[in-house]
Structures are given as structure tokens and as C-alpha cells.
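Student:
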Amino acid sequence: MNIEPIDYRTAAARLLAERPDIREAITRATLAKEDRRREGYADIDSEAWRDWASRLRRHVLANLDYYLEQAGRALEANGIRVHWAEDAQATCATVLSLCHERGVRRVVKGKSMLSEEIELNPALEAAGIEVTETDLGEYLIQLAGERPSHIIGPAYHKPLSESQALFAERLGTPAGAEPSALAAAARKHLRQRFLAADMMITGANAIAADTGTIALVENEGNIRIGTTTARIHVACVGIEKLVPRLTDLGTLLPLLSRAATGQRLGNYVSLISGPRGAEPEGPDEVHVIFVDNGRSRLLADPPAASTLACIRCGACLNACPVFRQTGGHPYQWAYSGPIGAVLAPGLLGLERGWTLAQASTLCGACDAACPVRIPLSGLLRLWRERAAQAGLEAPGEAPAIRAYARLARRPHRFHMATRLLGRFAPWFGPLVPPLSRWLRGRTLPLRNRNR
Ligand code: SF4
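Numbering (the numbering used here), first residue to last: -4 to 446.
1. Residues in its own chain within less than 6 Å of G436 by CB, not counting five upstream and five downstream?
2. Would you say A304 touches the ligand SF4, meaning its beta carbon is less than 8 Å from a heavy atom?
3. Could you check which residue in G148, A395, T302, E13 has the C-alpha nearest to that of D362?
4. Can you have a look at N445 and say buried or exposed, based on whether 16 or more other CB atoms are within 10 angstroms of its CB?
5. Quick one: what's got a C-beta closer than 6 Å to P15's C-beta in the same chain, skipping five residues either side?
6. Report the residue from M195, A339, P429 whose alpha carbon sits nearest the alpha carbon of A389.
7. Classify R32 as buried or exposed, calling it buried when 16 or more other Cβ atoms lie within 10 Å of its own Cβ.
8. Got a sec? Which residues, its chain only, sit under 6 Å from G79 by beta carbon, not counting five neighbours each side?
9. Return the Cβ separation of L59 and T321 in integer angstroms, given the expectation that the two are a contact with Cβ distance under 8 Å.
10. With DSSP as the reference, label S268 as helix, strand or coil.
11. Taking only heavy atoms of the ligand SF4 into account, decide whether any of them is closer than 8 Å to the Cβ of L56.
12. Could you pull out every unbroken alpha helix (DSSP H) segment of at least 4 residues lying fully inside the segment 1 to 62, listed in chain order?
13. Given a threshold of 16 other Cβ atoms within 10 Å of its Cβ, counted over all protein chains shown, does A170 qualify as buried or as exposed?
14. Are the segment 309 to 323 and the segment 350 to 357 in contact at 8 Å, needing three or more beta carbon pairs?
15. Just checking, does the segment 17 to 34 make contact with the segment 199 to 208 on the three C-beta pairs under 8 Å criterion?
16. Assign C454 to one of three DSSP states: helix, strand, or coil.
17. Would DSSP call G233 helix, strand or coil?
18. So for I449, helix, strand or coil by DSSP?
19. Of the choices C305, H282, V283, whose alpha-carbon is the least far from that of L293?
20. Compare the beta carbon distance of A329 and R142 with 9 Å and say whether it is the shorter of the two.
21. Just mark N262 as buried or exposed, buried being the case when its beta carbon has 16 or more other beta carbons within 10 Å.
22. Helix, strand or coil, according to DSSP, for K104 in the structure here?
23. On the three-state DSSP scale, how would you describe H228?
24. Between the alpha carbons of G35 and E157, how many angstroms are there, rounded?
25. On the DSSP letters alone, give me the boundaries of the alpha helix (DSSP H) that R186 sits inside.
26. Using a 10 Å radius around the Cβ and a threshold of 16 neighbouring Cβ atoms, would you call D243 buried or exposed?
27. Thinking A230 and G198 are a contact (beta carbons under 8 Å), I'd like their distance in whole angstroms, please.
28. Considering Cα atoms alone, identify which of I234, T246, L131 is closest to L63.
29. I'd like to know whether the C-beta atoms of G344 and A336 end up nearer to each other than 9 Å.
30. I'd like to confirm the pairing. Which residues does DSSP put opposite F285 in its beta bridges?
31. Between P249 and the ligand SF4, is there a pair consisting of the residue's CB and a ligand heavy atom that are separated by less than 8 Å?
32. Using alpha carbons as the reference points, say which of L250, L342, G359 lies closest to A295.
33. Considering only residues of the same chain and omitting the five flanking positions on each side of R165, which have a CB-CB separation below 6 Å?
34. Between H282 and the rest of its own chain, which residues show a CB-CB distance below 6 Å, the 5 nearest in sequence each way excluded?
35. Say the cut is 8 Å; is the CB of R435 nearer than that to a heavy atom of the ligand SF4?
36. For R53, tell me which candidate among I369, R397, L402, A400 has the shortest Cα-Cα distance.
Next comes the structure, spelled out in C-alpha cells:
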């Protein structure tokens, strides 16, 4: 079967032609978060924290079978039902059968990229179940009929004026309402949904294998409400999202929060260790669905397996100068930015995902941001090499790289060539197609032009 690669380049060009304002909205949001991350790292010994987190996540991946078994036993001992799903279809089928068996008509959700990955919302809606996203950004995106464009900030690409117009149309807020008024309108509307919901679906930031505890970090309190009011809580969790001990969360969650938003810790941390017992509130049933969906295959590929250490903080997206131009939509699947570019060939397959690994300057900004030290630029190169070995590289790329390599090995000629290029490219560059495309968005260094 011929698998079509994701056409990032065309999608990015189309998006920027149709919505030139997206670049500014994404740039402003991601640069602000990048500043916060730096401040968050600056006030701890971040190198030591990142070393620790990197070791922890690699230890879990190296012993994943052991920790999954331990977590499964501990969760069941707490009264939490554990399910195992091989792929997206099996996960959706498990959620749907829980809904059918228990007469669930209304579902509320806390932000979960895994549910985007497996396309859970369309599966529930096709079965006639009403689904409401309860994270404010995610709710906004659902009202707009779009997909999230960032792991942490699903609506980063939306200028305020667009959100104001959308809320005025859908929720009747006054034109040009302040953000606080938009949030109040969403809160009022969502309260009704929370009270009417039969089931809350979440992901998990981590599951502690020793105690069978589901950890969820958030800023808005929507997950706290939904997991308290709905009679059933279902957590769809990637098999890699484990920590050995509950006490590991004491360092991992603050590091995650610092990397994501610069906060010392998200506003709400929920540690869920079972259904309601004698308490007056809480769910009657809690279910965890451990989802594989390609992760075992990626784990069995040692050069690429460290991708699974990701804790979905979004810091690499904020640091990435390529992501900043468009946001996540041109990546055309749940995960975007550097982590999306290395997960795509790993989880979707090389033939479908290789093009995303090209969407990078290999500047290494993502490596410097990642709290668990995933070698993102090395993984981008790995997938590029594999694509080239499989004959999948862009036309003309191999001869161009060979010519560059020959030149770069001779410093004298290299400097002469760059000097000549800097001097004459402004005149002949626009006439030579690959160079003209390259020069459309760049200026050559003045140093070379003036020598
Ligand atoms: S790869 Fe690292 S920086 Fe990017 S989302 Fe994952 S943990 Fe965060």
C-alpha cells in the first residue's frame, strides 16, 4: 500500500497565506512561555533536576514491563479497573463499551493529547454521545471546530479578537468582551455540563507504580471538578507514563510545571487513588486504560526509544523557531514541534512521518529546553538518515548535501564561496529556484556580503 507522507510544507505555506496573523499570535505566546521556562529553570539547580528526571524516565523505559505489572496490580488493589489497549481502535472500543454498558450519554473531558492521538471525540460523537472539552483553551477550540495547535496551549494560535467573536456568536457575550468575561461565560456554561455528565475522561501526567496513584496537574480546576462530579472517571494513559514511586512526583511535577509554564507547580494537583469510598463525593468507578498504539514498537527501537521519555510539557515547541512560524496545525496530527516531528515517524511509521523531521533547523534549542533531556536534534537527524536510507528524502537533497559536505571540508574554498554568495546572491539569487525560495524568508549575513 502506498502511504502518503504528511505534507507539512504545503500545509504550512497554505496556512500562512490564509492566516498571516497566526505567526504573530503563536510567536507572542511561545516566546512568553519560553521566558517563563527560563525563569522557572533559573531558580532551581535545573541541570541537576534535569539529570535526575532524565535518569528516572530512562530507568522506567528500560524496565517498563516490570513497572506496568506493578502499576496494574497496585491500581486494581485500589479498586481501579485496568484495561489494556493495543491501538487507537481498541482504546475507543473500550471507552465506548464502558459508555454503553453504563448508559453514559454525556461525557466531559480534561485536556488529553492521547485522546487527540486516538481521535476519541469523533468516535464518541459517532455513537451519539455528547462530548464537552472543559479546559478553557480546548473548549474554545471545540467551539471553533478546530484541533489544538499546541500541547499545552491548544488556542495559542487564536488572536483575542477571534475568541471574542466566537464567544459572542456561541455564548452570547458582548462584542469585545474582556478575557475575564469570556472565562466567566465559559465557566457558567461548563458548570451545567459538569453537573449533567455521566463520565469524565482524562489523560494522566503520570501513574505511580508503587501506590497505583493517577497524577493530574492543571491550572483551571476543571479536572478536579470533573473527576469529583461524574460517576465514572476514565483515564486514557500511554503505557510509558509511569514513575516508580509516588515520591518521584515531588520532583517530576514541579519540573514539568516549570518547563511548561514557568510555574513552581500547576494550580491543581490531583492524586487519585481509587473510586469514592465512604466520602460523599467522587466517582463510583475509576478506570485506567493503558494505551500502546505503537509505543512498544518504538521502545524496541533503541536509537529512537528515548522519545518515549517525553512528559508532554511543550517546552520544545516554545523553543522551536520553526514551530513558532505556524503553530501545530501543519503537522497534521496530535503532536507538533520537535517532539511531534520525532514521534510521527516513530508512531505513525517512517513513510508517513519522515517529512516532519525535515521541519527543523537543527539549531538545538529544543535540546536545551527539554526537562528530561531527550536528544531531540539527534533524533531528528536519526529519522532524516533513515528516510535517506529508505530513498525518501526530498528531491535534490542528497546531491546538495554531498556538494555542501565537499565544500565544508575545505575551509578556504568554503569561506570564498560564502563571500561570493553573500556578494552576488542578491542579484542572481532570485533567478535560481532553490536559492530564490531560500532567500525569500532570509537575508544573508552582512559579514559575508561586505567582505
Ligand atoms: S520532548 Fe521534552 S521538551 Fe518536548 S514536550 Fe517532551 S518533555 Fe517537553
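For every residue, glycine included, the Cβ atom is placed at its ideal position computed from N, Cα and C.
Computed from a predicted structure; not experimentally measured.
Tutor: So, from the data block:
1. Stepping through the sequence shown from its first residue, residue 436 is reached at position 441. Correct list: empty, nothing qualifies.
2. Position 309 of the sequence shown holds residue 304. Within the cutoff, so yes.
3. Numbered from its first residue, the sequence shown carries residue 362 at position 367. Answer by Cα proximity: T302.
4. In the sequence shown, the residue the question calls residue 445 occupies position 450. Any reading at N445 must be qualified, since the residue scores a pLDDT of 46, below 50, and its modelled position is unreliable; the value itself is stated next. The residue is exposed, with fewer than 16 neighbouring Cβ atoms inside 10 Å.
5. Taking the sequence shown and counting its residues from 1, the one referred to as residue 15 is at position 20. The answer is none, since no qualifying residue turns up.
6. Within the sequence shown, residue 389 is the residue found at index 394, counting from 1. Of M195, A339, P429, the smallest CA-CA separation from A389 is found for P429.
7. The residue labelled residue 32 in the question sits at position 37 within the sequence shown. With 16 or more other Cβ atoms inside 10 Å of its own Cβ, R32 counts as buried.
8. Here residue 79 corresponds to residue number 84 of the sequence shown, with the count starting at 1. Residue identity differs from the one stated: residue 79 is Trp in this sequence, not Gly. Taking W79 as the centre and dropping the five residues before and after it, the same chain places the C-beta of F285 closer than 6 Å to its C-beta, in chain order.
9. Residue 59 sits at position 64 when you count from the first residue of the sequence shown. Residue 321 sits at position 326 when you count from the first residue of the sequence shown. At roughly 34 Å, the Cβ-Cβ gap does not stay under 8 Å, so L59 and T321 are not in contact.
10. In the sequence shown, counting from the first residue as 1, residue 268 sits at position 273. Here DSSP, grouped into helix, strand and coil, assigns S268 to coil.
11. Numbered from its first residue, the sequence shown carries residue 56 at position 61. Answer for L56: no, Cβ out of range of the ligand SF4.
12. Taken in chain order, the unbroken stretches of alpha helix (DSSP H) that lie wholly in the segment 1 to 62 and span 4 residues or more are 3 to 13, 16 to 37, 41 to 57.
13. Indexing the sequence shown from 1 puts residue 170 at position 175. Label assigned to A170: exposed.
14. Yes, the segment 309 to 323 touches the segment 350 to 357.
15. Fewer than three beta-carbon pairs drawn from the segment 17 to 34 and the segment 199 to 208 are found closer than 8 Å, and the two stretches are therefore not classed as touching.
16. A question about residue 454 goes unanswered here, because the residues of the chain that appear run from -4 up to 446.
17. Counting from one through the sequence shown, the residue named residue 233 turns up at place 238. Here G233 sits in strand by DSSP.
18. Here the chain comprises residues numbered -4 to 446, so residue 449 is not present and cannot be evaluated.
19. Locating residue 293 in the sequence shown gives position 298, counting from the first residue. When only C-alpha atoms are compared, the closest one is C305.
20. The residue given as residue 329 occupies position 334 in the sequence shown. The residue given as residue 142 occupies position 147 in the sequence shown. Cβ distance < 9 Å, so A329 and R142 count as in contact.
21. Sequence index remark: in the sequence shown, residue 262 carries index 267 (1-based). Exposed.
22. By 1-based counting over the sequence shown, the position of residue 104 is 109. If DSSP states are grouped into helix, strand and coil, K104 belongs with the strands.
23. The count along the sequence shown starts at 1 and reaches residue 228 at position 233. Here DSSP, grouped into helix, strand and coil, assigns H228 to strand.
24. As a first step, residue 35 must be located in the sequence shown, where it is residue number 40. As a first step, residue 157 must be located in the sequence shown, where it is residue number 162. Approximately 30 Å between the Cα atoms of the pair.
25. Locating residue 186 in the sequence shown gives position 191, counting from the first residue. Counting along the chain, R186 sits inside the alpha helix (DSSP H) bounded by residues 174 to 191.
26. Position 248 of the sequence shown, counted from the first residue, corresponds to residue 243. With a 10 Å radius around the Cβ and a threshold of 16 neighbouring Cβ atoms, D243 comes out buried.
27. In the sequence shown, residue 230 corresponds to position 235, counting from 1. In the sequence shown, residue 198 corresponds to position 203, counting from 1. Contact between A230 and G198 is confirmed by a C-beta separation of about 7 Å, below the 8 Å threshold.
28. As a first step, residue 63 is located in the sequence shown; it is residue number 68 there, counting from the start. For L63, the closest alpha carbon among the candidates I234, T246, L131 is that of I234.
29. By 1-based counting over the sequence shown, the position of residue 344 is 349. By 1-based counting over the sequence shown, the position of residue 336 is 341. Annotated as distal: G344 and A336, with beta-carbon spacing of 9 Å or more.
30. Start at 1 with the first residue of the sequence shown, and residue 285 comes out as number 290. BP columns for F285 point to W79, V232.
31. In the sequence shown, counting from the first residue as 1, residue 249 sits at position 254. Result no, Cβ not under 8 Å from the ligand SF4.
32. Along the sequence shown, one-based indexing puts residue 295 at 300. The shortest C-alpha separation from A295 is found at L342.
33. Locating residue 165 in the sequence shown gives position 170, where the first residue counts as 1. Once the five neighbours on either side are set aside, the close Cβ partners of R165 are L138.
34. Numbered from 1 along the sequence shown, position 287 holds the residue referred to as residue 282. The residues are R76, V229.
35. Locating residue 435 in the sequence shown gives position 440, counting from the first residue. In this structure, R435 has its beta carbon at no less than 8 Å from each heavy atom of the ligand SF4.
36. The residue labelled residue 53 in the question sits at position 58 within the sequence shown. The shortest C-alpha separation from R53 is found at I369.
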